[in-house]
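Just so we're aligned: the sequence shown equals residues 40 to 166 in this note's numbering. Glycine residues also receive a C-beta, built at the ideal position from the N, C-alpha and C atoms.
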Amino acid sequence: MSNQSVQTVGTSGDKLKVVLAVVAAIAGVVGFFYLAGQPTLVRAAALVVGLLISVGIAYTSATGRDFINFAKESVRETKKVVWPTRKEATQITLIVFAFVVVMALFLWGTDKLLEFLLYDVILGWKK
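As structure tokens, then:
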């Protein structure tokens, strides 16, 4: 018995809708930069309108609805995360810094030991 999920193939209409949504989003961004001499409000409106049209077109396709549902589920899961307190974050950060310093000293010491063994003991080269 297979545990893999089955993905259905979208229709060409859905693919066309996704392409149109991408084109609308790009048009909004291009409009934002094309209107460089206009007031910021006009430029922002061009961007927002392009993105809203893009989302509207994407939502009418199965792929777009799946993506929007995925985004909503991601936000819902992010809200479930238990974030560390400021004290815990500071303690963890200090532990990481201390570990980095210890590892740096260990690697420096190992490098110097190997340098001594190789150049002074084995090869007999004196600096």
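C-alpha distance - residue i paired with residue j, whole-angstrom precision
i, j, result
"Ser113", "Ser93", "20 Å"
"Gly67", "Val81", "12 Å"
"Val141", "Trp147", "10 Å"
"Val58", "Lys118", "32 Å"
"Ala128", "Val139", "17 Å"
"Trp164", "Phe155", "10 Å"
"Ser100", "Phe109", "14 Å"
"Val88", "Lys54", "22 Å"
"Ile134", "Leu157", "34 Å"
"Val120", "Val62", "35 Å"
"Asp105", "Leu153", "57 Å"
Under 7 Å between C-beta atoms of residue i and residue j
i, j, result
"Ile96", "Lys56", "yes"
"Gly70", "Ala84", "no"
"Leu90", "Ala64", "yes"
First through last residue of the alpha helix (DSSP H) which encompasses residue i
i, result
"Ala85", "79-98"
"Asp53", "51-73"
"Ile131", "125-154"
"Val114", "101-118"
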